[in-house]
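Only one structure is covered here, and it is reproduced in the block below.
Residue numbers (the working numbering): 679 to 1039.
So this is what it looks like as structure tokens:
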């Protein structure tokens, strides 16, 4: 992967980070626990691939990407509130190697005598996390309004994008989250890989799709989401967003823990429903299926069990089938770049597409 892409992403990530953490926003949040909670995920790193691709898409259609900076920040904030709530739903104790919001503030409350030891500190942590997500949701919408208030984008464009984000995209994300919870209680053999991919796309791909479409709409200053260039970049980012999540699942099984910020194999212990698990289970013998069933979702699974199931996922072809599907999504997405003029932005988008399946982080 070219250094030019990483440099381009890093530059845009830095601009979005600076925009988000500006005192003019952060100082609005109170009390202190909310201020800390709202910003802590931004301060702990992250890929920030959604805002970067939105800015690339804006530039790819001839737009001024600086006019899209508030929307890029909004998309990252919108994504972040879904993570905060997702961590509560999944009971995740850590994210990016640090405590999740609900864990962070449960631990903080546990050191304060008035919270006692009867579960009040855990309840406080969850309460702060719920409210944090609510604040971030509202903050993201407020940043979207700056497209018109600060950068002169037509009001109809801004209203169209806000409506799209806070209705269709939001409902799609929630649907994906509910399906994820429901599927976690479903035997892996009862699900199809297509059902799992659909659920994953709704949780992840939908916001990538919005980033592409909105970046193009801002660049063209058009409210027409069916404009050919808006549609082509919407379809491009939709396909690449699907590939992103499949690669995420691969890294969750055989990735580098230091790069991921979480233990490899945690997805097995958590019982995450993935194409990897489903395809491996379908190809397994009866005894292998029993091992997968015993281990998948078993919080008390031993390291040996996790290692054996990981080995099965590789040997039975679950990893390779998932990688094949991810490559197919990227190949499909690349075709949508053809109508774009040859610019550095188109080159970056092509490199970004391959990053979705080549990344190790």
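Every residue, glycine too, gets a C-beta built ideally from N, C-alpha and C.
Reduced DSSP category for residue i - H, G, I as helix; E, B as strand; rest coil
i	result
residue 777	strand
residue 685	helix
residue 758	helix
residue 772	strand
residue 981	helix
residue 1018	coil
residue 902	coil
residue 742	coil
residue 830	coil
residue 655	With the chain covering 679 to 1039 only, the question about residue 655 has no answer from this structure.
residue 989	helix
residue 862	coil
residue 868	helix
Cβ pair residue i, residue j closer than 8 Å
i	j	result
residue 984	residue 1000	no
residue 923	residue 878	yes
residue 954	residue 919	no
residue 728	residue 886	yes
residue 963	residue 749	no
residue 1033	residue 683	yes
residue 1035	residue 925	yes
residue 811	residue 784	no
residue 884	residue 847	yes
residue 901	residue 834	yes
residue 707	residue 694	no
residue 1029	residue 680	yes
Where the alpha helix (DSSP H) containing residue i begins and where it ends
i	result
residue 908	906-932
residue 719	710-721
residue 846	Where residue 846 is concerned, there is no enclosing alpha helix (DSSP H), given that its DSSP letter is neither H nor E.
residue 820	798-827
residue 1023	1022-1036
residue 958	953-961
residue 871	871-878
residue 999	996-1012
residue 936	935-938
residue 973	964-973
residue 704	701-704
residue 947	944-948
Any non-hydrogen atom of the ligand ATP closer than 7 Å to residue i Cβ
i	result
residue 794	With respect to small molecules bound, the structure shown includes none, and the ligand ATP cannot be examined in it.
Inset, instruction - Evaluate the contact criterion for the segment 878-898 versus the segment 745-757: three or more CB pairs, one atom per stretch, below 8 Å. - result: Of all C-beta pairs linking the segment 878-898 to the segment 745-757, three or more are shorter than 8 Å, placing the two stretches in contact.
Inset, instruction - Indicate whether the contact test is met: 3 or more Cβ pairs, each with one atom in the segment 757-771 and one in the segment 805-820, closer than 8 Å. - result: The segment 757-771, when compared against the segment 805-820, does touch it at the 8 Å Cβ threshold.
Inset, instruction - Decide yes or no for the touch test of the segment 848-859 against the segment 824-838: beta carbon pairs closer than 8 Å, at least 3 of them. - result: no
Legend entry - Any 3 or more C-beta pairs closer than 8 Å across the segment 923-937 and the segment 903-913: The answer is no - the segment 903-913 does not touch the segment 923-937, with fewer than three Cβ pairs under 8 Å.
Legend entry - Meets three-Cβ-pair contact criterion under 8 Å: the segment 863-881 and the segment 778-787: no
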